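A short write-up of the structure that comes next.
In UniProt numbering, the protein residues as written are 1 to 198.
This is the structure in structure tokens:
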């Protein structure tokens, strides 16, 4: 863990600080995506080399998730922090994928392979080789699909990318969010305590 950047460690701390209920909500899309098909990713063309801090994703899985990040987190022309400036993939790898049960992780890896192969029927090439416009259209098509596995997988992978992005505190400033008030106000967590009856 000593090789991780401070930003990655901070993002992991933020994810670890989620309540059980919040984590389950964020991971609900993942649970569905993780149950979708298994298999191995075929050889994919590399658009970027594997950065330091990626230990769970294979090179092919990294390419798919990095490409999805490029398409889904396009922040040019906005005040948002560019995804390329923060460790989104490292956060995804270390804080989310590394903490999954082996059978869940195996299902997710199969889902990533299925997602990458999805556009072959229409575009004749895998997701990692699509143009930005084609990749965005493919994501929208699968997110709106009548096929539950496609819809669940597209939404689950997008949620993972979003969670890994927003877990990094530098992304909060453009929104005016100063971080969890529980930390600012030094509030003690009551866990899942019931609401008062009055």
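Glycine residues also receive a C-beta, built at the ideal position from the N, C-alpha and C atoms.
In this text the structure is predicted, and so the values were computed from the model without any measurement.
- Setting aside the 5 residues that flank it on each side, residue 69 is surrounded in the same chain by 83, 88, 161, each with a C-beta closer than 6 Å to its C-beta; the list follows chain order.
- DSSP places residue 194 outside both helix and strand once states are collapsed to three, so it counts as coil.
- Taking one beta carbon from each stretch, the segment 110-127 and the segment 143-153 have 3 or more pairs nearer than 8 Å; the two touch.
- About 11 Å separates the beta carbon of residue 65 from that of residue 96, a gap too long to meet the 8 Å contact definition.
- Excluding five sequence positions before and after residue 148, none of the CB atoms of its chain fall closer than 6 Å to its own CB.
- C-alpha of residue 190 to C-alpha of residue 197: approximately 16 Å in a straight line.
- DSSP places residue 97 outside any alpha helix (DSSP H), giving it a letter other than H or E.
- A distance below 8 Å separates the beta carbons of residue 90 and residue 54.
- For residue 165, the enclosing alpha helix (DSSP H) begins and ends at 148-166.
- One Cα belongs to residue 184, the other to residue 172, and the distance between them is close to 15 Å.
- Taking each of 186, 85, 72, 167 in turn and checking the Cα distance to residue 139, the smallest one comes out for 72.
- Secondary structure of residue 66 (DSSP, three-state): helix.
- Apart from the 5 residues on each side of it in sequence, residue 143 sits with its Cβ closer than 8 Å to the Cβ of 151, 154, 155, 158 in its chain, given in chain order.
- Contact annotation, residue 194 with residue 10: C-beta distance approximately 32 Å; criterion of less than 8 Å not satisfied.
- Residue state for residue 142 is assigned as helix, using DSSP reduced to three classes.
- For residue 102, the closest C-alpha among the options 123, 57, 133 is that of 57.
- Under the DSSP assignment, residue 121 falls in the alpha helix (DSSP H) whose first and last residues are 120-123.
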